[in-house]
Amino acid sequence: IFTLIMIIAQTPQITTVTAEVSIHKLESMDVRGGIYTLYIIADNGYMNVTYKSLEKYTEPPSINVSININGLKKWAVYSLTNRKLLYGEIQDWKIYPLWIPKCIKLNDEIPVYNYETTFKCIVKNETTIILSHEGEKLIYDPFTGVLIEGEIRLDGYGKLQLKLNKTNMKIRREYFDDLYFDWETLTLNLMKLEKEYANILKVYSIGKSVLGREIWCCEIKASESEDGVVLIDGGMHGSEVIGVKVAYSILERVLSEYNELQSIGVLKRLTLIIIPMLNPDGVEMSKYSPPTPSIRLKDGRCNANGVDLNRNFNYEWSAGGSPLYNSTVYRGEVAESEPEVKALKDLMQKRKIIFYVNLHSGVRQIIIPAYKVNPYLNVYANITSILSNIFGFEIVRGGIYGGSANWCLMAKGGPALSLIIELYGGGTNALNVDWFLFYNPVDDVEIRKLTILSYQATIQILLNAKKWRDMIFEKTLPSLPLESIKITLITIIIIILGLTIYVKLRKSQGRINDKRSPTKPPMSVEAKFTT
Numbered sequence: 194i195f196t197l198i199m200i201i202a203q204t205p206q207i208t209t210v211t212a213e214v215s216i217h218k219l220e221s222m223d224v225r226g227g228i229y230t231l232y233i234i235a236d237n238g239y240m241n242v243t244y245k246s247l248e249k250y251t252e253p254p255s256i257n258v259s260i261n262i263n264g265l266k267k268w269a270v271y272s273l274t275n276r277k278l279l280y281g282e283i284q285d286w287k288i289y290p291l292w293i294p295k296c297i298k299l300n301d302e303i304p305v306y307n308y309e310t311t312f313k314c315i316v317k318n319e320t321t322i323i324l325s326h327e328g329e330k331l332i333y334d335p336f337t338g339v340l341i342e343g344e345i346r347l348d349g350y351g352k353l354q355l356k357l358n359k360t361n362m363k364i365r366r367e368y369f370d371d372l373y374f375d376w377e378t379l380t381l382n383l384m385k386l387e388k389e390y391a392n393i394l395k396v397y398s399i400g401k402s403v404l405g406r407e408i409w410c411c412e413i414k415a416s417e418s419e420d421g422v423v424l425i426d427g428g429m430h431g432s433e434v435i436g437v438k439v440a441y442s443i444l445e446r447v448l449s450e451y452n453e454l455q456s457i458g459v460l461k462r463l464t465l466i467i468i469p470m471l472n473p474d475g476v477e478m479s480k481y482s483p484p485t486p487s488i489r490l491k492d493g494r495c496n497a498n499g500v501d502l503n504r505n506f507n508y509e510w511s512a513g514g515s516p517l518y519n520s521t522v523y524r525g526e527v528a529e530s531e532p533e534v535k536a537l538k539d540l541m542q543k544r545k546i547i548f549y550v551n552l553h554s555g556v557r558q559i560i561i562p563a564y565k566v567n568p569y570l571n572v573y574a575n576i577t578s579i580l581s582n583i584f585g586f587e588i589v590r591g592g593i594y595g596g597s598a599n600w601c602l603m604a605k606g607g608p609a610l611s612l613i614i615e616l617y618g619g620g621t622n623a624l625n626v627d628w629f630l631f632y633n634p635v636d637d638v639e640i641r642k643l644t645i646l647s648y649q650a651t652i653q654i655l656l657n658a659k660k661w662r663d664m665i666f667e668k669t670l671p672s673l674p675l676e677s678i679k680i681t682l683i684t685i686i687i688i689i690l691g692l693t694i695y696v697k698l699r700k701s702q703g704r705i706n707d708k709r710s711p712t713k714p715p716m717s718v719e720a721k722f723t724t
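First residue of the sequence shown: 194, per this note's numbering; consecutive thereafter.
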């Protein structure tokens, strides 16, 4: 009992936060290294702004900004979390003015240049954000947060009337307007779902991303006593937004068909938890990071710290991923360093997860995690047979590295199954055009097909997860027949009684010997050990 109490006391607690939160209070800016913007100055000239990543992991995450005004250069390093100047030559900008938080609403006031100078949001719509201060107006793009036009103050130059002329950002507005979610849109949609299905759905935060975005967790609790949890997550790699779409679509359809599912026994003894977007900062960057994969794929894939979340879990952490910061599979400075990873791990440890699905894209595959050391391959044969018939994907033997599916299967503690589903791969031709097209379909028919197949797979998992879990227990905890247990207990009791009688006889014999030989010297230490 004491041990159980201690385990409960040490279990990580999840801070539940209803989805009805203020989503516009972020102070961060979503810009990464490799981006440049070219502004035309009204009175003749230009200002070129380039953004460079630092060459190492930093806290807070930072960006090196270099401005070139008609050949004259200045630089400074700013925090991504609050736009604050950390060090450098642009001392006039204590707060960075050329990029603002996107989640701002009408009448909000935010600092520009410094904390004493606040601008008020007087216009916020789908195409424009306008900030105003004592007659000055600055116009920003709500999709990226970048300055489009306005009069900017800069020490030594006075006021510069700027207008954005060119950038290497790939603005994927049409994809996110019509097909995919960014974090703000997802948040608003989850609020609506929670309100519509208040008796079924609970939406709460399990933590925050590096830049302060809530990581939403959607729970449909078992209608009867809970016998386990099926967990699905998407958007671990922010560039793979099809996973976010599929995860949300599964949630939406399960809710709409909840009564029918109950009639066939689904979600009576199992709880379904879906985390649609584990890496919201990465998703935000996927909206407009440059299209060339060799340059900027890392910024959407990784979190705002530049860490690949699927290489940061504490299972064979040093064996997988890369120790190099500039790598797209950078594993972090230490295992489980990232807040997104900690949030997912804490949830898994707190709840009775019996099946975990990790959604990705880049190829079309069903991956068995940690294949070489996986102790449940007989169970996986049954799982993959069912799911491959649904998707038509090849089954692949997964490697050993610090991924979430590997950690869940091999290191979480307590038998739990996990699976990686790679939903889509656009092929090399797509990669040469735009990395986004390599990871994500932009055809509505293709997207709908994937959401339907993924829903069917989810229902099969919910129907079979308990059976698969029981197969694990049969393997890890082999049961004995009742008669064998009785015989074993009787044998143990007889042995204990025999030992007790033997010890008493030896003590009695020792007392007799002591009386017969009172002058016998004590046995040496060496002899005692030999005996």
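Note that the Cβ used here is the ideal one computed from N, Cα and C, for glycine as well.
Checklist entry - Considering only C-alpha positions, which residue in the set Ile303, Glu319, Ser554, Gly427 is nearest to Phe312? => result Ile303
Checklist entry - Any contact of the region 355–366 with the region 226–238, i.e. 3+ C-beta pairs under 8 Å? => result yes
Next on the checklist: Let me confirm a value: Ser479 is counted as buried when at least 16 other C-beta atoms fall within 10 Å, else exposed. Which label applies?
Outcome noted: buried
Checklist entry - CA-CA distance, Asp663 and Ser530? => result 34 Å
Checklist entry - If you run the structure through DSSP and keep just helix, strand and coil, what is Ile583? => result helix
Next on the checklist: Excluding the 5 residues flanking Gly513 on each side, which residues of the same chain have their C-beta closer than 6 Å to its C-beta?
Outcome noted: Arg504, Tyr594, Gly595
Checklist entry - Using the C-alpha atoms, what's the distance from Val439 back to Asn261? => result 43 Å
Checklist entry - Which same chain residues, not among the five before or five after Leu630, have their C-beta less than 8 Å away from its C-beta? => result Gly619, Ala623, Leu624
Next on the checklist: Run through the DSSP bridge pairs and tell me what Asp426 is partnered with.
Outcome noted: Ile468, Asn551
Checklist entry - In whole angstroms, what is the alpha-carbon distance linking Ala532 and Lys401? => result According to the sequence displayed, residue 532 carries Pro and not Ala. Distance between the alpha carbons of Pro532 and Lys401: 7 Å.
Checklist entry - Is there contact between the region 374–389 and the region 515–522, where contact requires at least three CB pairs shorter than 8 Å? => result no
Checklist entry - Alpha carbon to alpha carbon, how far is Val459 from Ile466? => result 14 Å
Next on the checklist: So, with DSSP's three-state summary, where would you put Ser530?
Outcome noted: coil
Item to check | Member of Pro294, Tyr648, Gly226 whose CA lies at the smallest distance from the CA of Thr337 | outcome: Pro294
Checklist entry - On the premise that Tyr632 lies in contact with Ile435, defined as a C-beta separation below 8 Å, what is that separation, rounded to the nearest angstrom? => result 7 Å
Checklist entry - Mapping DSSP to helix, strand and coil, what is Pro304? => result strand
Item to check | Nearest residue (CA-CA) to Asp426, options Ile546, Tyr564, Gly238 | outcome: Ile546
Checklist entry - Do the region 366–386 and the region 634–643 touch if we need at least three Cβ pairs shorter than 8 Å? => result yes
Next on the checklist: By the three-class DSSP mapping on this structure, what secondary structure does Lys401 have?
Outcome noted: strand
Next on the checklist: Quick check on Gly555: buried or exposed, where buried means 16 or more other Cβ atoms within 10 Å of its Cβ?
Outcome noted: buried
Next on the checklist: In this structure, how does DSSP classify Trp286 when only helix, strand and coil are distinguished?
Outcome noted: coil
Checklist entry - Where Asn263 and Asp627 are concerned, what is the direct C-alpha to C-alpha distance, given to the nearest angstrom? => result 32 Å
Item to check | Contact set for Ser432: own chain, Cβ-Cβ below 6 Å, skip 5 residues either direction | outcome: Ser479, Gly493, Arg494, Tyr632
Checklist entry - Do Asp334 and Ile341 come within 9 Å of each other at the CB atom, strictly closer than that value? => result yes
Checklist entry - Would the beta-carbon of Leu273 fall within 9 Å of that of Val224? => result yes
Item to check | Rounded straight-line distance, which links the Cα of Ser325 to that of Cys726 | outcome: In this structure the chain extends from 194 to 724, so residue 726 is not present and cannot be described.
Item to check | Reduced DSSP secondary structure (H/G/I, E/B, other) of Gly227 | outcome: coil
Checklist entry - Expressed to the nearest angstrom, what Euclidean distance is found between the alpha-carbon atoms of Leu602 and Asp285? => result 52 Å
Item to check | Opening and closing residue of the alpha helix (DSSP H) in which Thr621 lies | outcome: 620–626
Item to check | Close Cβ partners of Tyr508 (< 7 Å) along its chain, the five nearest in sequence each way excluded | outcome: Gly595, Asn599, Trp600, Met603, Ala604
Checklist entry - Looking only at its own chain, which residues have a Cβ that is under 6 Å from the Cβ of Val339, when we skip the five neighbours before and after it? => result Trp292
Checklist entry - DSSP state of Glu407, grouped into three classes? => result strand
Item to check | Gly349, DSSP secondary structure in three states | outcome: coil
Checklist entry - Leaving out the 5 sequence neighbours to the left and right, which residues in its chain are closer than 8 Å to Glu526 when beta-carbon positions are compared? => result Tyr250
Next on the checklist: Assuming Ile288 and Tyr308 are in contact, meaning their beta carbons sit under 8 Å apart, how far apart are those beta carbons, in whole angstroms?
Outcome noted: 7 Å
Checklist entry - How many Å lie between Val566 and Gly591 at the Cα? => result 10 Å
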